[in-house]
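Report on the following structure.
Numbering (our numbering), first residue to last: 71 to 285.
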């Protein structure tokens, strides 16, 4: 992506984030977004096929950047703290984009829900942690390769869906939202073998600003 494309992408990201805080993408048109971003429709389609795809890609890039930042060197030794820190960073992201996620996760949203996107991103992140060998499975020595694969994929989808569901509940609580309380609740809900240390040093440290690579 060259400099001109990055500038266009930045304008599109700004526009879709502003609009998505007010109404679901199913109520937006490509023409409206393109006009507000100062581009034409054909340029829009170089970046996304529809408003919902544009919003999902912008949010997904922000979430992926958080994973890269907090899990770049994750190992079995530091996984409990690293995963807790990523959880905090993700909650701060959701809190910063609260209006967008309230609209996008509303039960009445049809065809433009952000829940599938969040499930995909979180599941992929968890599978990556497994691939790095940072999570030890219970009774792993007794599992066949096929059983291990099923266990890992099931665990990734299970934990991901649970986190999305708990985040929706947390999002409905009044501000300022209690991140520390969410961490303690998550620690109680997760299986005992899952690496998660809500009390680890620096877990609740001030956020480090992350600039998405496409902006």
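Glycine residues also receive a C-beta, built at the ideal position from the N, C-alpha and C atoms.
Nothing here was measured: the structure is a model prediction, and the numbers come from that model.
Please report the distance separating the alpha-carbon of residue 239 from that of residue 100.
32 Å
So residue 273 packs on residue 155, CB below 8 Å; how close in whole Å?
5 Å
Quick one: what does DSSP say residue 177 is sitting in, helix, strand or coil?
coil
Can you give, in chain order, each stretch of the beta strand (DSSP E) that sits fully within the segment 182-222 and has at least 3 residues?
none
Leaving out five residues on either side along the sequence, give the residues of the same chain with a beta carbon under 6 Å from the beta carbon of residue 73.
none
If contacts are defined as beta-carbon pairs under 8 Å, then residue 160 and residue 136 qualify, I think. What distance do you get, rounded to the angstrom?
6 Å
Mind checking residue 138: buried by the 16 CB within 10 Å criterion, or exposed?
exposed
Measuring straight from C-alpha to C-alpha, what distance separates residue 263 and residue 197?
16 Å
Measuring alpha carbon to alpha carbon, tell me which residue in 231, 188, 226 and 215 is nearest residue 205.
226
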